[in-house]
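Right, one structure below, let's go through it.
Residue numbers (the working numbering), protein chains in the order written: chain A, 7 to 310; chain B, 7 to 310.
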């Protein structure tokens, strides 16, 4: 199946292009980007131009930042194309509800992807937790924004989500693996004086679960969660890619982002085959709730 | 049917008690409040005590501030009671999803009420707009917080929602009457330096619709919305209670909060009869989106 990739930035080059090229389902038939291109692939600068020039392309994958993503998704759905959304699926919850209704009305597939849910240890962690009672949980998601989002000022603009851009990967895993639903009971959000979006956040959820998100980690990078249950201790490390039970590694390793994107593209092909949508907003609801409920602190200015 | 009222503050005394007393469906059988009471009605200070002492009370109506509301609602649903929630239905979206799932599992009715949707002019406004195209819309919701929420510090705490406490009345009407769904495209939020929740906000929605919410209005109070359509001009004034078409009053008047609460209690009785829930989160989604997407300004300190 032919697919177009919209938004040729870091994540597209690092993950989407190799995942499309490496799998059996997809042919990268066009790109849309203000400046980015992929060698040997027809390049457009406007999605409207691409949609009208290439009716043979049935699916569009969007890797734009969240704020401009809605217009592109809406245009593709109105043109009858299947659409795959990078996380977060939009700048607001309401716009994703609108896209979901539009996809259903058009009879096409919409996939709000959460790549971290495809990390190596996630399915096994979910199965292990399913029949246990969680007594306490701790999420630590600390990374260096200069390394992972170099110069990406949009991430600190209003709607860019700041540290919740990686943090939503944690909430996407949490909402996938926990045997019970959770809700936010309190949050502290640190926003640099010269920015609009948070650089750090500390969250408290029901079920005695906490999360510590920080964009200022210059030492070892940490994307871990640990749970104490009535039947032992589970740790999911390296962004969901390494599973430990009672302190022993049982699955995955320390490699980053192994098969996440190839799995997403295989899932998209399957959704289209089954004529289904997959739009789970629960990871983003927890983030919107943190913005709504959180106490705000102004912290030191941040420059890349 | 017997009903218990939880949270005997200003809104309970002003609206809920008279609405329950004035209708044919309900008998106020108990209250739960730290200090408030209603003459002649058994008073409890803990909801757990009330639920175990009064199994004859089948329905609980919650008028607590949003932050403590979840625990009370969960306790009542777990005890098999029908539950009616003041607006907003919770401090977070996730907790209301959990309550909704719990109500369905328990086979009881949960009603997330939006009293402004019951204002006199709302149903007629919705019918008039249904087959018209909106070119432009403007919401002005400006009131004096000292008059309507005297000394209620919780409203300016994190999770108290600030000016979105009245503003969500506007979004509850908007999401009810508009012929198309809307989403937020931008927001500016003003937060007093000594508070956590906004005192004013200016919102931009899709469809060329704007909203101006302000808690500092000391002159005439304004709860208006105006729409320019391809088939004339509609204004809904006084919090939805007065409808004007092309500048002429056609329904309702300048009285405040006429039959809103009696209508809600009649609707609750009907939901129980039909064994249904009514949990529409769209007004609150627009507010959570404003907190997520909005640019924040620090403004002058506020004291009651």
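Virtual Cβ for every residue (Gly too), placed ideally from N, Cα, C.
Quick caveat: nothing in here was measured; it's all calculated off a predicted structure.
Apart from the five residues just before and just after residue i, which ones in its own chain have a Cβ nearer than 6 angstroms to its Cβ?
i                      : result
residue 95 of chain A  : 102 and 118
residue 208 of chain B : 194 and 218
residue 220 of chain A : 148 and 206
residue 301 of chain A : 194
residue 185 of chain A : 135 and 136
residue 33 of chain B  : 8
residue 278 of chain A : 88 and 115
residue 239 of chain B : 252
residue 189 of chain B : 212
residue 166 of chain A : 160 and 203
residue 144 of chain B : 216 and 232
residue 269 of chain A : 124
Tell me which residues share the same chain as residue i and place their Cβ nearer than 8 angstroms to its Cβ, disregarding the 5 neighbours each side in the sequence.
i                      : result
residue 330 of chain B : This structure gives no information on residue 330 of chain B, because the portion of chain B shown stretches from 7 to 310.
residue 112 of chain A : 83, 84 and 86
residue 52 of chain B  : 38
residue 35 of chain B  : 8, 9, 10, 47, 48, 60, 62 and 63
residue 283 of chain A : 106, 109, 110, 115, 116, 117 and 277
residue 306 of chain B : 198 and 199
residue 162 of chain B : 168, 198, 201, 202, 203, 205 and 308
Which residues in the same chain have their Cβ closer than 7 angstroms to the Cβ of residue i, if we skip the five residues on either side of it in sequence?
i                      : result
residue 141 of chain A : 214, 234, 235 and 236
residue 177 of chain B : 289, 292 and 293
residue 70 of chain B  : 12, 13 and 78
residue 169 of chain A : 204, 205, 206, 207, 219, 220 and 221
residue 120 of chain A : 93, 178 and 289
residue 271 of chain A : 25, 26, 29, 31 and 32
residue 156 of chain B : 310
residue 256 of chain A : 249 and 250
residue 127 of chain B : 242, 246, 247, 248, 249, 257 and 258
residue 152 of chain B : 310
residue 15 of chain A  : 42 and 69
residue 224 of chain B : 150
residue 40 of chain A  : 51
For residue i, which of helix, strand or coil comes out of DSSP?
i                      : result
residue 286 of chain A : coil
residue 155 of chain A : coil
residue 181 of chain B : helix
residue 300 of chain A : coil
residue 29 of chain A  : coil
residue 174 of chain B : helix
residue 67 of chain A  : strand
residue 205 of chain B : coil
residue 145 of chain A : strand
residue 36 of chain B  : strand
residue 50 of chain B  : strand
residue 162 of chain A : helix
residue 150 of chain B : strand
residue 305 of chain B : strand
residue 256 of chain A : strand
Would you give the residue range spanned by the beta strand (DSSP E) that residue i belongs to?
i                      : result
residue 198 of chain A : 190-198
residue 12 of chain B  : 8-12
residue 89 of chain A  : 88-91
List the endpoints of the continuous alpha helix (DSSP H) containing residue i.
i                      : result
residue 18 of chain B  : No alpha helix (DSSP H) holds residue 18 of chain B; DSSP gives it neither H nor E.
residue 219 of chain A : Premise fails: residue 219 of chain A lies in the beta strand (DSSP E), 215-220, not in any alpha helix (DSSP H).
residue 266 of chain A : 266-279
residue 82 of chain B  : 72-84
residue 54 of chain B  : 53-59
Where are the beta strand (DSSP E) runs, 3 residues long or more, that stay fully inside the stretch 96-140 of chain A, in chain order? 116-118
Name, going along the chain, the residues of the stretch 90-124 of chain A whose beta-carbon falls closer than 9 angstroms to a beta-carbon of chain B. 96, 97, 98, 99, 100, 101, 102, 103, 104 and 107
Can you check the stretch 224-253 of chain B for any alpha helix (DSSP H) of at least 4 residues that lies completely inside it and give the ranges in chain order? none
Quick one: which residues of the stretch 200-225 of chain B get their C-beta closer than 7 angstroms to a C-beta of chain A? List them in chain order. 202
So if I threshold CB-CB distances at 8 angstroms, which residues from the stretch 285-303 of chain B count as touching chain A? 288, 291, 292, 293, 294, 295, 297, 298, 299, 300, 301 and 302
What residues in the stretch 157-182 of chain A bring their beta carbon closer than 8 angstroms to a beta carbon of chain B? 164, 165 and 167
Please name the residues in the stretch 14-37 of chain A whose beta-carbon is closer than 9 angstroms to at least one beta-carbon of chain B, in chain order. none
Give me the subset of the stretch 40-67 of chain B whose CB atoms are less than 8 angstroms from a CB atom of chain A, sorted by chain position. none
May I ask you to list, following chain order, the residues of the stretch 233-267 of chain B that have a beta carbon less than 7 angstroms from some beta carbon of chain A? none
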